[in-house]
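Working notes for the structure below.
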Amino acid sequence: TDCDLALLTVRDDGFWAGSLAEQRLSSEIPALFAEVVCVGYPTGGDNLCVTKGVVSRIDYEDEPDPWRNRLVVQIDAAINPGNSGGPALVDDGACVGVAYQSLKDGSTENIGFIIPVSVVEKFLTAWRHGCLVQSGPLQRVTAFGHGRFFAQKLENASMCKALGMKDGQSGVLVRSVDPTSPNAGAINAGDVILSIDGVSIGNDGCVPFGCGASRHDRVPFTYVATSKFVGEELEACILRGGKEVSCRLRLCPHEPVVPSEKEAPWLLDYAVIGGLVFVVLSQQYLRATFGEKWRKERCSGLSEIIDSKQREFSDEQVIVLSYVLAHTVNLGFQDVRNARLQHVIINGECIRVRNLRHLVELVKGMPEEEQHLRFELFPRGGGMLPGLIVLNKAAVQA
Numbered sequence: 352t353d354c355d356l357a358l359l360t361v362r363d364d365g366f367w368a369g370s371l372a373e374q375r376l377s378s379e380i381p382a383l384f385a386e387v388v389c390v391g392y393p394t395g396g397d398n399l400c401v402t403k404g405v406v407s408r409i410d411y412e413d414e415p416d417p418w419r420n421r422l423v424v425q426i427d428a429a430i431n432p433g434n435s436g437g438p439a440l441v442d443d444g445a446c447v448g449v450a451y452q453s454l455k456d457g458s459t460e461n462i463g464f465i466i467p468v469s470v471v472e473k474f475l476t477a478w479r480h481g482c483l484v485q486s487g488p489l490q491r492v493t494a495f496g497h498g499r500f501f502a503q504k505l506e507n508a509s510m511c512k513a514l515g516m517k518d519g520q521s522g523v524l525v526r527s528v529d530p531t532s533p534n535a536g537a538i539n540a541g542d543v544i545l546s547i548d549g550v551s552i553g554n555d556g557c558v559p560f561g562c563g564a565s566r567h568d569r570v571p572f573t574y575v576a577t578s579k580f581v582g583e584e585l586e587a588c589i590l591r592g593g594k595e596v597s598c599r600l601r602l603c604p605h606e607p608v609v610p611s612e613k614e615a616p617w618l619l620d621y622a623v624i625g626g627l628v629f630v631v632l633s634q635q636y637l638r639a640t641f642g643e644k645w646r647k648e649r650c651s652g653l654s655e656i657i658d659s660k661q662r663e664f665s666d667e668q669v670i671v672l673s674y675v676l677a678h679t680v681n682l683g684f685q686d687v688r689n690a691r692l693q694h695v696i697i698n699g700e701c702i703r704v705r706n707l708r709h710l711v712e713l714v715k716g717m718p719e720e721e722q723h724l725r726f727e728l729f730p731r732g733g734g735m736l737p738g739l740i741v742l743n744k745a746a747v748q749a
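Each residue of the sequence shown is one higher than the last, beginning at 352 in the numbering used here.
Below, the structure written as structure tokens:
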């Protein structure tokens, strides 16, 4: 899913034969100081556990990609491992959200988060309408669309003036557009988005948030799109060359270049060529290689790709030379680890590798007169790190 939710079922018919009461949902955002009760089976015992607290804050997630952020409700009731997926109830028994995480960084206390029912209901509606994307062995519910473009704030007055913005105009600068998305051409890098669906965007990249007790708060402009589904369109007013222009933007499925599905590391696709172990970069690979705190590490520059890599091809995968199995054929390259593959060089031509299958096809289809396999890696800083790997083709095929 694109909102940390999943649908589970029990296949034993006997489970459903009992008297199961229907849980009432309340899509109203709870007010600050409203009491909530979290119910679940967290660590510490085997029986039902109930914790109580109040709503502390209504906020938006703070992920690097604003299209991935969702509305969340912060509470001070204890949420521990095992609470995730359990309901958060108010006085009249209505469910106002689903517990999903707590902040435990050693310097904070009693900070937990629930996904509000408004997000849950949209997730369920998307599932009923068949808004599904096959992602490996999993089916992912695409409840929320992605604009497939990235923008930056415009809080500097000189920059606004340089872009031709007049007094009273505000918005965000389009930094890049996915060339494989339907929005390529509708908006371009360098455009300024002034409003979406009639809602003006501030230079801070935010719009007013008008729900419940937080009606005076502001949230990222992507919140305007949360009421729509994948395939639906947004009406945007943009500033291009000093003139205001209207265009329509389509919400697309979120298809990151680096997948985030939490599959087991041993299910990763790989190819071994002359002892060079190539894998498809994914978040589970980074987690398995660099540990649970991989986001705080540079990970040989690989972690930065997750938030900054723009798709170049519709079938693109990021290919990484993960490890080198020591052999005489690859002597001198045994120390290469976690290096991103850029090109395969054939007859002097640098061919950009699109995905793992393309890499294998290039190697298998190597011309007979080509005596060497040449792999060019992306630069990884200074020093004597290999940027070009050359293997004897006959020795590799032997």
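Note that the Cβ used here is the ideal one computed from N, Cα and C, for glycine as well.
Simplified DSSP assignment, three categories, for Lys-744 = Note: Lys-744 maps to helix in three-state DSSP.
Compute the distance between the beta-carbons of Ser-651 and Arg-731, then report whether it is under 9 Å.
-> yes
Name the DSSP beta bridge partners of Gly-404, please?
-> Val-387
Please say whether Ala-677 and Gly-626 have beta carbons closer to each other than 9 Å?
-> yes
Taking all protein chains shown into account, decide if Asn-534 is buried (16 or more other Cβ within 10 angstroms of its Cβ) or exposed.
-> buried
8 Å CB neighbourhood of Ala-540 in its chain, flanking five on each side removed = Val-525, Arg-526, Ser-527, Val-528, listed in sequence order.
Taking only runs of the alpha helix (DSSP H) that begin and end inside the region 675–720, which ones reach a length of at least 4 residues, in chain order?
-> 707–715
Would you decide whether Gln-668 is buried or exposed? Buried here means 16 or more other CB atoms lie within 10 Å of its CB.
-> buried
Since Arg-599 sits in a beta bridge, which residues does DSSP pair it with?
-> Glu-586
Please work out which residues of its chain come closer than 6 Å, Cβ to Cβ, to Arg-499, disregarding the five sequence neighbours upstream and downstream, and give them in chain order.
-> Once the five neighbours on either side are set aside, the close Cβ partners of Arg-499 are Asp-529, Ser-532, Asn-534, Cys-603.
If you drop the 5 nearest sequence neighbours on each side, which residues of the same chain put their C-beta closer than 8 Å to that of Ser-673?
-> Excluding the 5 residues flanking it on each side, Ser-673 has same chain C-beta neighbours closer than 8 Å at Tyr-621, Val-628, Phe-629, Val-630, Tyr-636, Thr-640, Arg-688, Asn-689, in chain order.
Reducing DSSP to helix, strand and coil, say where Lys-455 ends up.
-> In the structure shown, Lys-455 adopts coil according to DSSP, grouped into three states.
Grouping DSSP H, G and I as helix and E and B as strand, with all else coil, what is Leu-637?
-> helix
Close Cβ partners of Thr-402 (< 6 Å) along its chain, the five nearest in sequence each way excluded | Apart from sequence neighbours up to five positions away, the residues of its chain that approach Thr-402 with a beta-carbon distance below 6 Å are Cys-389, Ala-428, Ala-429, ordered along the chain.
The beta strand (DSSP E) enclosing Leu-422, as first and last residue numbers | Judged by DSSP secondary structure, Leu-422 falls within the beta strand (DSSP E) whose first and last residues are 422–426.
Of all the options Ile-547, Leu-454, His-723, Asn-431, which has the alpha carbon lying nearest to the alpha carbon of Ser-578?
-> Ile-547
Which stretch, first to last residue, makes up the beta strand (DSSP E) that contains Val-441?
-> It is not in any beta strand (DSSP E) - Val-441 carries neither H nor E in the DSSP assignment.
Nearest to Lys-473 by alpha carbon, out of Leu-505, Thr-459, Asn-461, Arg-421?
-> Arg-421
Under three-state DSSP, which class holds Pro-417?
-> helix
Backbone CA spacing between Ala-750 and Leu-399 [nearest angstrom] | What is shown of the chain runs 352 to 749, which leaves residue 750 out entirely.
So is Met-735 buried or exposed if we call it buried at 16+ other beta carbons inside 10 Å?
-> exposed
Does the distance from the CB of Thr-476 to the CB of His-605 come in under 9 Å?
-> no
With DSSP as the reference, please indicate the residues paired to Gln-503 in a beta bridge.
-> Residue pairing by DSSP places Gln-503 opposite Leu-524 in a beta bridge.
Using three-state DSSP, classify Asp-364 as helix, strand or coil.
-> Three-state result, Asp-364: helix.
Going by DSSP, what residues sit across from Ala-450 in a beta bridge?
-> Ile-465
For Lys-579, which three-state DSSP category applies?
-> coil
Given that a residue counts as buried once 16 or more other Cβ atoms are within 10 Å of its Cβ, and exposed if not, what is Phe-726?
-> buried
Out of Ala-513, Cys-588, Gly-515, which has the shortest C-alpha to C-alpha gap to Gly-549?
-> Cys-588
Using a Cβ-Cβ cut-off of 8 Å (strictly less than) and excluding sequence neighbours within five positions of Arg-752, which residues of its own chain qualify?
-> With the chain running from 352 to 749 in the structure shown, residue 752 is simply not present.
Please name the residue or residues paired with Arg-491 in a DSSP beta bridge.
-> Val-484
Applying the criterion that 16 or more other CB atoms from any shown protein chain within 10 Å of the CB defines a buried residue, is His-754 buried or exposed?
-> Past the edges of the chain, shown from 352 to 749, lies residue 754, and the structure says nothing about it.
In the DSSP assignment, what residue or residues form a beta bridge with Ala-622?
-> Phe-629, per the DSSP bridge assignment.
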